[in-house]
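855 is the number that the working numbering gives to position 404 of the sequence shown; each next residue is one higher, with no gaps.
The beta-carbon is built from N, C-alpha and C at its ideal position, and this holds for glycine as well.
On a predicted model such as this, the values are computed, not experimentally measured, just so you know.
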Amino acid sequence: MEHIGYYLKEIFFCKKKGRLTFRYENVQKYFFFQDGFVVFAKTNCPQELLGEVLFRLGKLSDENHSKIDDYIEPKKNIGELLVEKGLISTEDLHEGLNYQMREIVLNTFSHFDGEFKFQEMDELAEQEFGSKISIPVLIEDGIRRMKYDPHLKKFMEKKAPFPKSKDFFYRLTEEEKDILKIIEGKTASVAILQSSGINPELFWKSLYLFYCLDLVDVEAEENVPEQEKEKKDRDSEDSYKRIEEVVKLSFDLSSMNYYQILNVSETSSHSEIKKAYFQLARRYHPDLYGRDLPSDIKEKIEDVFDKITKAYHILIDEEKKHDYDAKVYSAPKEDRKDLSKRAEVRFRQGKTLYDQGKYEEALALLEEAIRLKTDKANYFLLLAMTESKIPLFAKKAEENFLKAIKLGQWSPDGYVGLGLLYKKEGLFVKAGKQFKRALNIDPENKVALKELGLEQKNVKKGLKGILSFELFGKKKK
């Protein structure tokens, strides 16, 4: 099948390096791959050019955007020229290039009738590429974001999918996991759909996602002795659980100090610190994981073990421990400040895209903000609001509304948002309970009053639309 997902799967799992060319009518794009990442992308689509991307992200003013052609010089990169002229910062350029590369790839997922050609290269000049994006992340985002196309059904319907690797199982939504669980390797895809009652478009997109992430294959399964196959399945399941655990831990470690990482107290003895370290080492040492894991997962495993080891070496040495305690308890941590700053930038970018109705684009930025800063109620609230706008993310929206409520328990916004989500899903009793909880905090909350039929009758004229739910107290204009 001539589709970007098919080629990304082949390039990633076969560890290919080189250039993929895409042509469709007047559109022409080039993608460069190295070590499991997209490291560069080039396009002739006007809406994907760097100037347009910087303008949409709010990095380039209206005036400078309208005059961008005046800044172009022969043999010079437009981004570098904009930095030289002081119109954007180096950080703005880096963010713009990352976002542009991602959009060039993701926008290609809507095409099933283009022409692809891959050219392998022995080595790419790494110094030319300042950014990189994981291929599995692009596969996941691209397939979820694209509209359903009949080519997906044609590609899959007569084939019997069977479970394969579980390395990327953790990337799936709960709804997608439920679909994957009914695939057993003996039934044709179209028969699975007919007996499941699942929405057809969701089913075919999910099945294609499983295929591109190597979670399923669609060829005949090799004859494997039953006992050997069962053992292989058990080993695979255990491997998946450990990978999912270490990936989650890699995100949590950024907000943990050395005592929290080793799960010891400031007064723990040397023997207790040593015991804690060796327990963690027996669980998270990189040698315990498969050598054929994707490079981004390997990096997370190695990063986790490096931080565990560093925590141990600091806390087991009295002098180093004393210096560390002085730094932790008497001065703010610079790296934590940087993380908070980066998180706030991603949050503001996500908020801008949310306000523009670009929910799929906002999603990735908000998820990154939360990975960097895990204790902000308004981050979870906006993420949940964004997910509630995307049909496939209703379950995740509910989970994140609950997290927003837990972190900001004295704010009615989380309850109101969750109530509106339940109402949208037809769960009217549950919705009503959330609106009542919002009123317990704010008896004058206009949205909750309206939804419960309790709004005041003497609302002044000219307040049309004020009852529309807006985040953070923003009134609808």
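#### Entry: Nearest-angstrom Cα separation, counted from residue 726 out to residue 895
In the sequence shown, the residue the question calls residue 895 occupies position 444. In the sequence shown, the residue the question calls residue 726 occupies position 275. Distance between the alpha carbons of residue 895 and residue 726: 55 Å.
### Task
Measure the Cβ-Cβ separation of residue 967 and residue 656 and say whether it is below 9 Å.
Coverage of the chain is limited to positions 452 through 928, which leaves residue 967 absent and any answer about it impossible.
### Query
Taking all protein chains shown into account, do 16 or more other C-beta atoms lie within 10 angstroms of the C-beta of residue 674, making it buried, or fewer, making it exposed?
Reading the sequence shown from its first residue, position 223 is the one you call residue 674. Low confidence applies here, because residue 674 scores a pLDDT of 40, under 50, leaving its location unreliable; read the following figure in that light. By the neighbour-count rule (16 or more Cβ atoms within 10 Å), residue 674 is not buried but exposed.
#### Entry: Start-end ranges of the beta strand (DSSP E) lying completely within the region 463-519, minimum 3 residues
Runs of the beta strand (DSSP E) inside the region 463-519: 469-475, 478-485 and 488-494.
### Message
Based on DSSP bridge pairs, tell me the residues matched to residue 570.
### Response
What you label residue 570 is simply residue 119 of the sequence shown in a count that begins at 1. Residue 570 is bridged to 470.
### Query
Going straight from the alpha carbon of residue 622 to that of residue 591, what length do you get?
Within the sequence shown, numbered from 1, the residue matching residue 622 stands at position 171. Within the sequence shown, numbered from 1, the residue matching residue 591 stands at position 140. Approximately 8 Å between the Cα atoms of the pair.
### Any alpha helix (DSSP H) of 4 or more consecutive residues that is wholly inside the region 697-767
Counting whole runs of 4 or more residues, the region 697-767 contains the alpha helix (DSSP H) stretches 709-713, 721-735 and 746-766.
### Query
Are residue 794 and residue 827 closer than 9 Å when you measure CB to CB?
For the purposes of this step, residue 794 is taken as residue 343 along the sequence shown, with counting starting at 1. For the purposes of this step, residue 827 is taken as residue 376 along the sequence shown, with counting starting at 1. It is a contact, given that the beta carbons lie within the stated cut-off.
#### Entry: residue 898 classed as buried or exposed, judged by whether at least 16 other C-beta atoms fall within 10 angstroms
Here the question's residue 898 lines up with position 447 in the sequence shown. Looking at its Cβ environment, which holds 16 or more other Cβ atoms inside 10 Å, residue 898 is buried.
### Message
Please report the straight-line C-alpha distance between residue 833 and residue 817, rounded to a whole angstrom.
### Response
Here the question's residue 833 lines up with position 382 in the sequence shown. Here the question's residue 817 lines up with position 366 in the sequence shown. Roughly 8 Å separates the two Cα atoms.
### Query
What are the residues that DSSP puts in a beta bridge with residue 540?
Here the question's residue 540 lines up with position 89 in the sequence shown. Looking at the DSSP assignment, residue 540 forms no beta bridge with any residue, so it has no partner.
### Message
Assuming contact is defined by CB atoms lying nearer than 9 Å, are residue 810 and residue 820 in contact in what I supplied?
### Response
Here residue 810 is taken as the residue at index 359 of the sequence shown, counted from 1. Here residue 820 is taken as the residue at index 369 of the sequence shown, counted from 1. The Cβ atoms of residue 810 and residue 820 lie no closer than 9 Å to each other.
### Per-residue burial, residue 692 [other beta carbons within 10 Å of its own, 16 or more giving buried]
Numbered from its first residue, the sequence shown carries residue 692 at position 241. Residue 692 is exposed by the Cβ-count criterion.
### C-alpha distance - residue 601 paired with residue 650, whole-angstrom precision
As a position in the sequence shown, residue 601 is number 150, starting the count at 1. As a position in the sequence shown, residue 650 is number 199, starting the count at 1. For residue 601 and residue 650, the distance between alpha carbons rounds to 14 Å.
#### Entry: Same chain, Cβ closer than 7 Å to residue 714, neighbours up to 5 away in sequence not counted
In the sequence shown, the residue the question calls residue 714 occupies position 263. Only residues of its own chain outside the window of five on either side were considered, and among them 727 have a CB closer than 7 Å to the CB of residue 714, listed in chain order.
### Query
Span of the alpha helix (DSSP H) holding residue 822?
Stepping through the sequence shown from its first residue, residue 822 is reached at position 371. Per DSSP, residue 822 belongs to the alpha helix (DSSP H) from 810-823.
### Task
Give the DSSP-derived three-state secondary structure of residue 669 in the structure shown.
Counted from its first residue, the sequence shown places residue 669 at position 218. Judged by DSSP in its simplified three-state form, residue 669 adopts coil rather than helix or strand.
### Task
Pull up the distance between the alpha-carbon of residue 538 and that of residue 806, whole angstroms please.
Reading the sequence shown from its first residue, position 87 is the one you call residue 538. Reading the sequence shown from its first residue, position 355 is the one you call residue 806. Spanning the two alpha carbons is a distance of roughly 25 Å.
### Query
With a CB to CB cut of under 7 Å and the five nearest residues on each side skipped, what residues in its chain are close to residue 555?
As a position in the sequence shown, residue 555 is number 104, starting the count at 1. 480, 492, 494 and 499.
#### Entry: Close beta carbons around residue 852, own chain, < 6 Å, minus the five adjacent residues each side
Position 401 of the sequence shown holds residue 852. Non-local C-beta neighbours of residue 852 in its own chain, meaning closer than 6 Å and more than five positions away in sequence, comprise 835, 865, 868 and 869, ordered along the chain.
### Query
Is it buried or exposed for residue 847, if we count other Cβ within 10 angstroms and need 16 for buried?
Start at 1 with the first residue of the sequence shown, and residue 847 comes out as number 396. Buried, since its Cβ has 16 or more Cβ neighbours within 10 Å.
### Query
Going by DSSP, what residues sit across from residue 614 in a beta bridge?
As a first step, residue 614 must be located in the sequence shown, where it is residue number 163. BP columns for residue 614 point to 667.
### Message
Would residue 474 and residue 565 qualify as a contact pair, given that the criterion is a beta-carbon distance under 9 Å?
### Response
Here residue 474 corresponds to residue number 23 of the sequence shown, with the count starting at 1. Here residue 565 corresponds to residue number 114 of the sequence shown, with the count starting at 1. Yes; because the gap between Cβ atoms is below 9 Å, this pair is in contact.
### Task
Classify residue 863 as buried or exposed, calling it buried when 16 or more other Cβ atoms lie within 10 Å of its own Cβ.
The residue labelled residue 863 in the question sits at position 412 within the sequence shown. Around the beta carbon of residue 863, a 10 Å sphere encloses 16 or more other beta carbons of the protein chains shown; the residue is thus reported as buried.
### Message
Counting C-beta neighbours from all protein chains within 10 Å, is the total for residue 642 16 or more, i.e. buried, or is it exposed?
### Response
To locate residue 642, count along the sequence shown from 1; it is residue 191. Residue 642 counts as exposed, since fewer than 16 other beta carbons sit within 10 angstroms of its beta carbon.
### Message
Could you give the first and the last residue of the continuous alpha helix (DSSP H) run that contains residue 860?
### Response
In the sequence shown, the residue the question calls residue 860 occupies position 409. From DSSP, residue 860 is part of no alpha helix (DSSP H); its letter is neither H nor E.
### Message
Quick test of your reading: residue 755 and residue 697, contact by CB under 8 Å. State the CB separation rounded to the nearest angstrom.
### Response
Counted from its first residue, the sequence shown places residue 755 at position 304. Counted from its first residue, the sequence shown places residue 697 at position 246. Your pair residue 755 and residue 697 checks out as a contact, with CB atoms roughly 5 Å apart and the cut at 8 Å.
### Task
Give every residue of the same chain whose Cβ lies closer than 8 Å to the Cβ of residue 447, excluding the five residues on either side of it in the sequence, and list them in chain order.
Outside the displayed span of the chain (452 to 928) sits residue 447, for which this structure offers no information.
### Extent of the continuous alpha helix (DSSP H) to which residue 565 belongs
Indexing the sequence shown from 1 puts residue 565 at position 114. Here residue 565 belongs to no alpha helix (DSSP H), and DSSP marks it neither H nor E.
### Task
Note the first and the last residue of the continuous alpha helix (DSSP H) segment covering residue 836.
Numbered from 1 along the sequence shown, position 385 holds the residue referred to as residue 836. Unbroken alpha helix (DSSP H) run through residue 836: 828-839.
### Task
Could you tell me the boundaries of the alpha helix (DSSP H) in which residue 596 lies?
For the purposes of this step, residue 596 is taken as residue 145 along the sequence shown, with counting starting at 1. In the DSSP assignment, residue 596 falls within the unbroken alpha helix (DSSP H) covering 586-596.
### Message
If you reduce the DSSP assignment to three classes, tell me which class residue 894 lands in.
### Response
Within the sequence shown, numbered from 1, the residue matching residue 894 stands at position 443. Secondary structure at residue 894: coil, using DSSP grouped into helix, strand and coil.
### Query
Excluding five sequence neighbours on each side, which residues of the same chain lie with their C-beta closer than 7 Å to the C-beta of residue 861?
Looking up residue 861 in the sequence shown gives position 410. Setting aside the 5 residues that flank it on each side, residue 861 is surrounded in the same chain by 892, each with a C-beta closer than 7 Å to its C-beta; the list follows chain order.
### Distance between residue 758 and residue 800 (C-alpha atoms, nearest Å)
Here residue 800 refers to the residue found at position 349 when the sequence shown is read from its first residue. Here residue 758 refers to the residue found at position 307 when the sequence shown is read from its first residue. Taking the straight line joining both Cα atoms gives about 30 Å.
### Task
Look at the Cβ atom of residue 803, then the Cβ atom of residue 509, and state whether they are nearer than 9 Å.
For the purposes of this step, residue 803 is taken as the residue at position 352 of the sequence shown. For the purposes of this step, residue 509 is taken as the residue at position 58 of the sequence shown. Here residue 803 is near residue 509, since their CB atoms are less than 9 Å apart.
#### Entry: CA nearest to the CA of residue 822, picked from 583, 790 and 838
On the sequence shown, position 371 is the one that residue 822 refers to. Nearest C-alpha to residue 822 among 583, 790 and 838: 790.
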